[in-house]
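Peer 1: One structure follows; several queries about it will come next.
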Amino acid sequence: MKKWLVSMLAFVTIFGLVACNSDTGSSNSTEEDDTLKIGISLPSATHGWMGALIDSAEKQAKTLKDSDGIEYVMTNAADPNKQANDVDDLIAQDVDVIVMLPIESAALSPVGQKIKDAGIPLVIVDRELENDAATVVVKGDNEGIGVNAGKYFVEKLEGKGKVVEITGPPSSVTEQRGAGFKEAMESSDIEVIASQSGDFSTEKSLEVMQNILQANPQIDAVFTQDDGMALGVIQAIKEAGRTDIQFVTGAGGGKAVFEDIQAEGLITATFLYSPTMVEDAVKIAADIAKGNDPAESMVVKEATQVTKDNVDEFYDPDSKF
Numbered sequence: 001m002k003k004w005l006v007s008m009l010a011f012v013t014i015f016g017l018v019a020c021n022s023d024t025g026s027s028n029s030t031e032e033d034d035t036l037k038i039g040i041s042l043p044s045a046t047h048g049w050m051g052a053l054i055d056s057a058e059k060q061a062k063t064l065k066d067s068d069g070i071e072y073v074m075t076n077a078a079d080p081n082k083q084a085n086d087v088d089d090l091i092a093q094d095v096d097v098i099v100m101l102p103i104e105s106a107a108l109s110p111v112g113q114k115i116k117d118a119g120i121p122l123v124i125v126d127r128e129l130e131n132d133a134a135t136v137v138v139k140g141d142n143e144g145i146g147v148n149a150g151k152y153f154v155e156k157l158e159g160k161g162k163v164v165e166i167t168g169p170p171s172s173v174t175e176q177r178g179a180g181f182k183e184a185m186e187s188s189d190i191e192v193i194a195s196q197s198g199d200f201s202t203e204k205s206l207e208v209m210q211n212i213l214q215a216n217p218q219i220d221a222v223f224t225q226d227d228g229m230a231l232g233v234i235q236a237i238k239e240a241g242r243t244d245i246q247f248v249t250g251a252g253g254g255k256a257v258f259e260d261i262q263a264e265g266l267i268t269a270t271f272l273y274s275p276t277m278v279e280d281a282v283k284i285a286a287d288i289a290k291g292n293d294p295a296e297s298m299v300v301k302e303a304t305q306v307t308k309d310n311v312d313e314f315y316d317p318d319s320k321f
């Protein structure tokens, strides 16, 4: 009788443990499987174009979390090595999709391949990789910015003059804008007498332009690949008291540049490259996470030219950028 009771108690205990474990495991598995998560890897910034892009990315991610229950993890890096480590962490967290704006195209291309090899879809924003790791690329028309700027220089300078180019750091953005600019001026007599990187920084561009001004007594115009750099350039020109430079152009569509155009200052034109493009990237990532195929693998935003003739259409006094 005692043996029978012991056997029955053991059976009930084992059954209860199995049932409890089965219920708990089922609940956790369902919760994990049903929760979608997007990883977002961006450079670090608190202001300017990149600051506005980071703000736009987080706002869109929060909106999707509230509306669709999609979780997100956002990382910011000051250099390519930190960004590579951030992406490793996102892969380890088994996110469903990664959105990445590479700090440098070449340095982050192997990282993009690592994401692809892990079987995670990748949405690239702004700066392209040097391989085919991206599932979707969302960018502005970088070549169009360069081409439109080059045509503007040819028209304003009547096909001749000495100009300066302030570029960004090594990336597809810098290469495409520079190539488009030079291509549009090939048949003219315009000479690019200096081309240096301002690292998409107002402060660095101020310093670079100060050196260029000292080395070149005659400059007719300056093409900058970024609105923030344009602001540094005009500060350097004003501090040097130079009157030979007829105009400066930018790219991006920043509020301060729009205001300079409205005031008929040294900046006479810029070309749209909105930081809100990242919102499209996050939306596309969410759609992919849900199991939907992207409608297209390349999304390109138009590089609209903005001058005093149409600046009021685009100016937003409440814009953070």
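The UniProt record's numbering numbers the first residue of the sequence shown as 1 and each following residue consecutively. Backbone N, C-alpha and C define an ideal beta-carbon position, used for all residues, glycine too.
Is the beta carbon of Ile124 closer than 9 Å to that of Lys139?
Peer 2: yes
Peer 1: By the DSSP assignment, the alpha helix (DSSP H) with Gln113 in it spans what residues?
Peer 2: 105–117
Peer 1: Taking DSSP as the reference, what is the three-state secondary structure of Asp96?
Peer 2: Taken through DSSP and simplified to helix, strand or coil, Asp96 comes out as coil.
Peer 1: Since Met298 is in the beta strand (DSSP E), which residue starts that stretch and which ends it?
Peer 2: 298–301
Peer 1: Would you mind reading off the limits of the alpha helix (DSSP H) that contains Asn142?
Peer 2: 142–156
Peer 1: Do Asp227 and Val208 have their CB atoms nearer than 9 Å?
Peer 2: no
Peer 1: Quick check: the stretch 127–142 against the stretch 307–317, are there 3 or more CB pairs under 8 Å?
Peer 2: no
Peer 1: With burial defined as no fewer than 16 other Cβ atoms inside 10 Å of the residue's Cβ, what is the status of Gly291: buried or exposed?
Peer 2: exposed
Peer 1: Take the Cβ of Glu264 as the centre, count every other Cβ of all protein chains shown within 10 Å, and call the residue buried at 16 or more, exposed below.
Peer 2: exposed
Peer 1: To which residues does DSSP link Gln305 through a beta bridge?
Peer 2: Assignment of beta-bridge partners to Gln305 by DSSP yields Phe271.
Peer 1: From Phe247 to Thr224, what does the alpha carbon distance come to, in whole angstroms?
Peer 2: 11 Å
Peer 1: Are the CB atoms of Val147 and Ala184 nearer to each other than 9 Å?
Peer 2: yes
Peer 1: Could you tell me the alpha carbon to alpha carbon distance between Glu165 and Asp141, rounded to whole angstroms?
Peer 2: Rounded to the nearest angstrom, the two C-alpha atoms are 18 Å apart.
Peer 1: Let's see if you can read the secondary structure: which residues bound the alpha helix (DSSP H) around Leu206?
Peer 2: 202–215
Peer 1: Going by beta-carbon coordinates alone, are Ile38 and Val299 separated by less than 9 Å?
Peer 2: no
Peer 1: Note down the Cα distance separating Glu175 from Ile190, rounded to an integer number of angstroms.
Peer 2: 19 Å
Peer 1: Quick one: using the 10 Å Cβ neighbour count with 16 as the cut-off for buried, is Glu279 buried or exposed?
Peer 2: Result: buried.
Peer 1: Less than 9 Å between the beta carbons of Ser188 and Lys160, yes or no?
Peer 2: yes
Peer 1: Of the residues Thr276, Pro80, Gly254, which one's Cα is nearest the Cα of Phe321?
Peer 2: Gly254
Peer 1: Relative to the C-alpha of Val97, which candidate in Thr268, Gly112, Pro121 has its C-alpha closest?
Peer 2: Pro121
Peer 1: Short check: CB of Val73 to CB of Ala285, under 9 Å?
Peer 2: no
Peer 1: Which whole runs of the beta strand (DSSP E) in the stretch 59–96 are 3 residues long or more, in chain order?
Peer 2: 71–77
Peer 1: Ignoring anything shorter than 4 residues, give me the alpha helix (DSSP H) runs that lie fully in the stretch 165–205, in order along the chain.
Peer 2: 172–184
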